[in-house]
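Some notes on the structure that comes next.
Chains as they are written, first to last, in my numbering: chain E, 145 to 256; chain Z, 2 to 113.
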């Protein structure tokens with residue numbers, strides 16, 4: 145079974161600064177995917193970034209990048225140049241064989 | 002591309018009443034998921050459909066929850082009778098086999 149742990153219930157960042165959200169996971173599978181989802185108050189889960197476990201290169205999407213440490217089973221999300229619109233719940237997820245498991249989430253606050 | 006549609010957005014019922022949620026996935030997406038997200042937690046998978054067949058319903062409380070996906074397109078999730086602890090957001094998601102998920106905006110259920 146897969147498990148995902150997010151140890152930071154809440155994080156805060158100043159606008160234009162950089163913040164890193166932590167995530168660790170546990171899976172016995174060798175072929176899996178990792179995701180970060182953003183959930184604003186509208187409740188819709190929005191895909192932020194995706195990482196295939198077989199790829200060593202860290203995924204990047206504009207201001208969002210990950211630090212994927214496969215041996216340590218760590219998958220942190222870095223948000224650069226934070227914007228007010230980045231404020232939301234962020235969920236880390238592990239996906240394998242049509243089974244996606246989520247962490248408990250981190251609430252990110254962006255201060256103007 | 003139209004997203005995943007869910008209705009209603011909000012529902013308030015008394016305990017022991019019944020309720021149904023509806024989901025229309027993205028056209029062509031064979032896989033459909035229902036998740037339960039209790040306040041302060043990450044989404045938890047209730048049931049997964051592949052076309053109109055159930056792939057995984059191991060976490061569905063079958064004594065009170067039921068779901069169907071007729072003709073492999075729309076899906077309904079029903080709770081009968083509802084309990085106070087069923088208060089949550091119910092998220093529907095769909096995907097192509099082996100691809101990322103697209104989530105709907107969810108239905109917020111309050112049981113009083």
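Even for Gly, the Cβ is constructed at its ideal location relative to N, Cα and C.
If the cut is a Cβ gap below 7 Å, which residues of chain Z does residue i touch?
i	result
residue 155 of chain E	Chain Z residues near residue 155 of chain E: none, gap ~15 Å exceeds 7 Å.
residue 248 of chain E	42, 43
residue 235 of chain E	43
Going by beta carbon distance, what residues of the same chain come within less than 6 Å of residue i, once the five residues before and after it are set aside?
i	result
residue 257 of chain E	Since the first residue shown for chain E is 145 and the last is 256, residue 257 of chain E is missing from the structure and cannot be characterised.
residue 160 of chain E	225
residue 197 of chain E	176
residue 26 of chain Z	5, 33, 95
residue 75 of chain Z	25
residue 22 of chain Z	78, 91, 108
residue 61 of chain Z	47, 48
Quick one: give me the first and last residue of the beta strand (DSSP E) that residue i is part of.
i	result
residue 233 of chain E	232–240
residue 94 of chain Z	89–96
residue 171 of chain E	No beta strand (DSSP E) holds residue 171 of chain E; DSSP gives it neither H nor E.
residue 109 of chain Z	108–112
residue 156 of chain E	154–158
residue 21 of chain Z	20–25
residue 8 of chain Z	6–8
residue 244 of chain E	243–246
residue 198 of chain E	Neither: residue 198 of chain E is in no beta strand (DSSP E) and is coded neither H nor E.
residue 183 of chain E	177–183
residue 252 of chain E	250–255
residue 12 of chain Z	11–14
Who are the Cβ neighbours of residue i in its own chain at under 7 Å, not counting the five residues just before and after it?
i	result
residue 232 of chain E	182, 183, 184, 252
residue 53 of chain Z	70, 71, 72, 73
residue 81 of chain Z	19, 65
Helix, strand or coil for residue i? Go by DSSP, reduced to three states.
i	result
residue 214 of chain E	coil
residue 73 of chain Z	helix
residue 54 of chain Z	strand
residue 61 of chain Z	coil
residue 141 of chain E	Summary: the structure shown does not reach residue 141 of chain E, with chain E confined to residues 145 through 256, and so no result is reported for it.
residue 86 of chain Z	helix
residue 40 of chain Z	coil
If the cut is a Cβ gap below 8 Å, which residues of chain E does residue i touch?
i	result
residue 107 of chain Z	187, 188
residue 32 of chain Z	242
residue 47 of chain Z	By Cβ distance, chain E contributes nothing, its closest Cβ being about 12 Å from residue 47 of chain Z, past 8 Å.
Find the residues of chain Z that neighbour residue i, judging by a C-beta separation of less than 9 Å, and give them in chain order.
i	result
residue 191 of chain E	101, 102, 103, 104
Can you list the residues of chain C that residue i reaches, using a CB-CB cut of under 7 Å?
i	result
residue 56 of chain Z	Checking the listed chains, one finds no chain C in this structure; the protein chains it contains are E and Z.
Which chain E residues are close to residue i, counting only those with a beta carbon under 9 Å from its beta carbon?
i	result
residue 85 of chain Z	Ordered by position in chain E, no residue passes the 9 Å Cβ test against residue 85 of chain Z, which lies about 21 Å from the chain.
residue 90 of chain Z	187
Give the residues of chain E in contact with residue i, contact being defined as C-beta atoms less than 7 Å apart.
i	result
residue 110 of chain Z	Those do not exist, as residue 110 of chain Z stays about 12 Å from chain E at its closest Cβ, beyond 7 Å.
List, in order along the chain, the chain Z residues whose C-beta lies closer than 8 Å to that of residue i?
i	result
residue 207 of chain E	None at all; the shortest Cβ gap to chain Z is about 20 Å.
*Please determine if the region 166–182 of chain E and the region 4–12 of chain Z are in contact, where contact requires at least 3 C-beta pairs separated by less than 8 Å.*
no
*Below 8 Å, can you find three or more Cβ-Cβ pairs linking the region 149–167 of chain E to the region 55–70 of chain Z?*
no
*Kindly confirm or deny that the region 240–251 of chain E and the region 43–54 of chain Z touch, where touching means at least three C-beta pairs closer than 8 Å.*
yes
*Do three or more CB pairs link the region 18–35 of chain Z to the region 89–98 of chain Z at distances below 8 Å?*
yes
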